[in-house]
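Student: Let me begin by handing over the structure; questions about it come next.
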Amino acid sequence: MLYRKMGKTGEKVSILGMGCMRLPTLGSYDRIDGVNASKLLDHALDRGINYLDTAYPYHGLSNSEGGASEVFLGEYFSENDRRDEIYLSTKLPTWLLKEEKDMDKYLDEQLKRLKTDQIDFYLLHSLKEKNWFHLDILGILEFLDSVRSDGRVKYVGFSSHDETGFFKEVVDSYKWDMCMIQYNYLDENIQAGKEGLRYAVDQGLGVAVMEPLKGGVLAQHIPPAVKNIWDNSPVQRKPAEWALRYLWNMPEISTVLSGMTTLDQLVENLQSAEDGIPHSLTSEEREVMEEVKTVYQDKIVAECSRCGYCMPCPSGINIPHCLSYLNQAKMLEDDSEVKSQYYFMLKDTERAGNCLECGLCQELCSQKLPIMELLKNVKKVFGN
Ligand SMILES: NC(=O)c1ccc[n+]([C@@H]2O[C@H](COP(=O)([O-])OP(=O)(O)OC[C@H]3O[C@@H](n4cnc5c(N)ncnc54)[C@H](OP(=O)(O)O)[C@@H]3O)[C@@H](O)[C@H]2O)c1
Numbered sequence: 053m054l055y056r057k058m059g060k061t062g063e064k065v066s067i068l069g070m071g072c073m074r075l076p077t078l079g080s081y082d083r084i085d086g087v088n089a090s091k092l093l094d095h096a097l098d099r100g101i102n103y104l105d106t107a108y109p110y111h112g113l114s115n116s117e118g119g120a121s122e123v124f125l126g127e128y129f130s131e132n133d134r135r136d137e138i139y140l141s142t143k144l145p146t147w148l149l150k151e152e153k154d155m156d157k158y159l160d161e162q163l164k165r166l167k168t169d170q171i172d173f174y175l176l177h178s179l180k181e182k183n184w185f186h187l188d189i190l191g192i193l194e195f196l197d198s199v200r201s202d203g204r205v206k207y208v209g210f211s212s213h214d215e216t217g218f219f220k221e222v223v224d225s226y227k228w229d230m231c232m233i234q235y236n237y238l239d240e241n242i243q244a245g246k247e248g249l250r251y252a253v254d255q256g257l258g259v260a261v262m263e264p265l266k267g268g269v270l271a272q273h274i275p276p277a278v279k280n281i282w283d284n285s286p287v288q289r290k291p292a293e294w295a296l297r298y299l300w301n302m303p304e305i306s307t308v309l310s311g312m313t314t315l316d317q318l319v320e321n322l323q324s325a326e327d328g329i330p331h332s333l334t335s336e337e338r339e340v341m342e343e344v345k346t347v348y349q350d351k352i353v354a355e356c357s358r359c360g361y362c363m364p365c366p367s368g369i370n371i372p373h374c375l376s377y378l379n380q381a382k383m384l385e386d387d388s389e390v391k392s393q394y395y396f397m398l399k400d401t402e403r404a405g406n407c408l409e410c411g412l413c414q415e416l417c418s419q420k421l422p423i424m425e426l427l428k429n430v431k432k433v434f435g436n
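With this note's numbering as the guide, the letters of the sequence shown map in order to residues 53 to 436.
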């Protein structure tokens with residue numbers, strides 16, 4: 053495993069980190085398959101991954117309550133002696149903070165759930181311009197000072213899906229150790245983007261990347277036009293490897309978090325990480341990637357990262373899945389297989405035809421997508 057410094061902290065983090073938002077489950081998202089998830093973590097740690105990222109709501113059915121991810125990690129580390137091998141990162145659910153005492157309440161609850169007395173990297177989760185003022189009034193930056201000095205937290209950071217301007221304002225507002233941004237070869241000019249990445253690095257922040265495979269879209273269901281480019285490239289790599297190598301090619305990035313659900317995915321990404329050296333892609337390889345970018349950018353209609361912030365939909369629609377099927381149908385020349393999957397995989401209530409246009413999803417969407425219009429498009433393509 054290769055390691056890079058997490059900004060000015062100087063801590064050496066593995067270039068591949070484990071995102072614990074997509075662990076294997078037993079049918080329902082809130083029921084982690086403990087046996088297989090433990091095997092994944094055992095293998096990840098054995099192979100030198102030392103950065104695990106979770107958050108209060110991960111593997112829960114709603115963003116307003118604690119999910120199963122932190123609890124699972126707490127149990128995992130209480131059953132072995134490996135807590136000291138890793139940097140544990142989790143996040144304060146900023147959208148749930150109503151009054152000042154809530155900050156301590158959630159942190160203390162998270163420490164209990166994780167069965168640890170210190171969180172290595174504690175992030176303000178999903179900062180948005182519209183709640184930043186409220187958090188400031190609550191005294192969130194003073195809270196960060198206090199949790200560092202009382203030792204409950206070692207380093208502090210934030211994650212955000214908001215625009216570059218706001219991202220820079222947040223970077224300037226505190227002595228952060230790191231930040232987490234969405235970055236992949238299709239998303240260089242949205243959210244913090246390349247400009248935000250460089251800005252943060254210039255201020256000494258470490259950068260953890262989330263959604264490097266755009267939630268899996270860049271690794272699976274590859275459109276034929278893209279597959280054709282990969283197949284004719286001078287170097288043969290799997291799509292996920294191309295996407296990850298693109299990020300590791302950038303020295304600004306400290307660690308790339310992938311949400312690996314199966315052992316095969318973990319093994320493949322670990323293998324890719326062996327060559328994750330800055331500036332290691334040749335100009336010819338970068339040109340191949342530019343070609344692929346153009347093809348994708350022309351085909352994707354819903355730039356959904358499957359973060360799930362739009363869920364649960366009051367009408368029961370599985371919005372991320374509907375949008376994913378829409379993209380697949382648009383990207384593939386023959387969409388009959390996608391159509392049958394749409395009907396096979398989604399229950400009646402989960403399909404786009406149930407949309408009542410309440411608009412809640414659009415307010416919550418981290419990518420600011422026009423979800424109501426997109427669901428109409430899904431209905432048009434699939435008939436329901
Ligand atoms: N702070 C925030 O607001 C925020 C938001 C999002 C994510 N995050 C963090 O960032 C982490 C990474 O984001 P992400 O989970 O979206 O990562 P990602 O790597 O973009 O997507 C993960 C998905 O990609 C697929 N995948 C991974 N490796 C693969 C391979 N080698 N071949 C084929 N498919 C592969 C899997 O899809 P399938 O499951 O479909 O097989 C997996 O669930 C999260 O787990 C979470 O810890 C933070």
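For each residue, glycine too, the CB sits at the ideal point set by N, CA and C. Here the structure is a predicted model, which is why all the values come from computation and not from measurement.
(1) What is the DSSP secondary structure of Leu421, reduced to helix, strand or coil?
(2) Since Leu364 contacts Leu97 with CB under 8 angstroms, what's their CB separation in whole angstroms?
(3) Could you tell me the alpha carbon to alpha carbon distance between Trp228 and Val199, rounded to whole angstroms?
(4) Under 8 angstroms, do Met302 and Ala260 count as touching if we go by C-beta distance?
(5) What are the boundary residues of the alpha helix (DSSP H) that includes Thr142?
(6) What three-state label does DSSP hand Gly59 in the structure shown?
(7) Just to confirm my understanding: we take Asn406, look at its own chain, exclude 5 residues before and 5 after, and list those with CB closer than 7 angstroms. What are they?
(8) When you measure from the CB of Thr168 to every non-hydrogen atom of ligand 1, does any distance come out below 7 angstroms?
(9) Identify which residue in Thr314, Leu318, Pro264, Asn280 has its Cα closest to the Cα of Leu299.
(10) Could you have a look at Arg297 and say whether DSSP puts it in helix, strand or coil?
(11) Cα-Cα, which of Val87, Ser141, Lys164, Ala107 is closest to Trp147?
(12) Starting from the N-terminal side, write out each stretch of the alpha helix (DSSP H) that is 4 residues or longer and does not extend beyond the region 190–273.
(13) What residues match up with Phe431 in a beta bridge as DSSP calls it?
(14) Do Gly245 and Thr216 have their beta-carbon atoms positioned less than 8 angstroms apart in this structure?
(15) Please determine, among Ser357, Gly209, Lys399, the residue with the shortest C-alpha to C-alpha distance to Leu421.
(16) Please say whether Gly59 and Ser392 have beta carbons closer to each other than 8 angstroms?
(17) Taking Asp188 as the reference, which of Pro291, Asn436, Glu221, Leu163 has the closest Cα?
(18) At a threshold of 7 angstroms, does His95 count as lining ligand 1 (C-beta to nearest heavy atom)?
(19) Measure the C-alpha to C-alpha separation of Val430 and Ala271 and round it to an integer number of angstroms.
(20) Excluding five sequence neighbours on each side, which residues of the same chain lie with their C-beta closer than 7 angstroms to the C-beta of Cys413?
(21) What's the C-alpha gap between Thr168 and Glu122?
(22) Between the C-alpha atoms of Arg165 and Ile171, what's the straight-line distance to the nearest angstrom?
(23) Buried or exposed: which applies to Ile84, given that a residue is buried once 16 or more other Cβ atoms fall within 10 Å of its Cβ?
(24) Between Met312 and Met53, is the Cβ-Cβ spacing less than 8 angstroms?
(25) Which stretch, first to last residue, makes up the alpha helix (DSSP H) that contains Arg338?
(26) Taking the alpha-carbon of Ser116 as reference, which of Lys150, Asp133, Ser141 has the nearest alpha-carbon?
(27) Check Met70 in the structure and name its three-state DSSP category.
Tutor: So, from the listed chains and residues:
(1) Taking the sequence shown and counting its residues from 1, one reaches residue 421 at position 369. If DSSP states are grouped into helix, strand and coil, Leu421 belongs with coil.
(2) For this step, residue 364 is matched to residue 312 along the sequence shown. For this step, residue 97 is matched to residue 45 along the sequence shown. According to the sequence provided, residue 364 is Pro. The question's Leu does not apply to it. Actually they do not touch by this definition, with Cβ atoms about 33 angstroms apart.
(3) As a first step, residue 228 is located in the sequence shown; it is residue number 176 there, counting from the start. As a first step, residue 199 is located in the sequence shown; it is residue number 147 there, counting from the start. Cα to Cα, Trp228 sits roughly 13 angstroms from Val199.
(4) As a position in the sequence shown, residue 302 is number 250, starting the count at 1. As a position in the sequence shown, residue 260 is number 208, starting the count at 1. No, Cβ-Cβ distance for Met302 and Ala260 is not below 8 angstroms.
(5) Locating residue 142 in the sequence shown gives position 90, counting from the first residue. That residue, Thr142, is in no alpha helix (DSSP H); its beta strand (DSSP E) goes 139–144.
(6) Mapped onto the sequence shown, residue 59 falls at position 7. Three-state DSSP puts Gly59 in a helix.
(7) Taking the sequence shown and counting its residues from 1, one reaches residue 406 at position 354. Within the same chain, Asn406 has close Cβ partners Ser367, Gly368, Ile369.
(8) Counting from one through the sequence shown, the residue named residue 168 turns up at place 116. Every heavy atom of ligand 1 is 7 angstroms or more from the Cβ of Thr168, so no.
(9) In the sequence shown, the residue the question calls residue 299 occupies position 247. That would be Pro264, whose Cα lies nearest to the Cα of Leu299.
(10) Taking the sequence shown and counting its residues from 1, the one referred to as residue 297 is at position 245. Helix.
(11) Walking along the sequence shown from the start, residue 147 turns up at place 95. With distances taken between Cα atoms, Trp147 lies closest to Ala107.
(12) 192–201, 216–224, 245–254
(13) For the purposes of this step, residue 431 is taken as the residue at position 379 of the sequence shown. The question names Phe, but residue 431 is Lys in the sequence shown. Partner(s): none; Lys431 has no beta bridge.
(14) To locate residue 216, count along the sequence shown from 1; it is residue 164. To locate residue 245, count along the sequence shown from 1; it is residue 193. Their beta carbons are under 8 angstroms apart, which means Thr216 touches Gly245 by this criterion.
(15) For this step, residue 421 is matched to residue 369 along the sequence shown. Residue Ser357 is the option with its Cα nearest to Leu421.
(16) Position 340 of the sequence shown holds residue 392. Position 7 of the sequence shown holds residue 59. Not a contact, by the Cβ cut-off of 8 angstroms.
(17) Within the sequence shown, numbered from 1, the residue matching residue 188 stands at position 136. For Asp188, the nearest C-alpha among the options comes from Glu221.
(18) For this step, residue 95 is matched to residue 43 along the sequence shown. No, ligand 1 has no heavy atom inside 7 angstroms of this Cβ.
(19) Locating residue 430 in the sequence shown gives position 378, where the first residue counts as 1. Locating residue 271 in the sequence shown gives position 219, where the first residue counts as 1. Going from the Cα of Val430 to the Cα of Ala271 covers about 22 angstroms.
(20) As a working note, residue 413 is residue 361 in the sequence shown. If we look at Cys413 and ignore the five residues flanking it on each side, its Cβ neighbours are Cys362, Cys365, Ile371, Ile423.
(21) Along the sequence shown, read from residue 1 onward, the residue named residue 168 stands at position 116. Along the sequence shown, read from residue 1 onward, the residue named residue 122 stands at position 70. Each residue's alpha carbon lies about 11 angstroms from the other.
(22) Your numbering for residue 165 matches position 113 in the sequence shown. Your numbering for residue 171 matches position 119 in the sequence shown. Looking at the two C-alpha atoms, the distance is approximately 11 angstroms.
(23) By one-based count along the sequence shown, residue 84 stands at place 32. Classification for Ile84: buried.
(24) Position 260 of the sequence shown, counted from the first residue, corresponds to residue 312. Position 1 of the sequence shown, counted from the first residue, corresponds to residue 53. No, these two residues do not count as a Cβ contact at 8 angstroms.
(25) Position 286 of the sequence shown, counted from the first residue, corresponds to residue 338. Its alpha helix (DSSP H) spans residues 335–351.
(26) As a position in the sequence shown, residue 116 is number 64, starting the count at 1. Here the closest residue by C-alpha is Lys150.
(27) Residue numbering aside, residue 70 sits at position 18 when the sequence shown is read from its first letter. Residue state, collapsed to three classes: strand.
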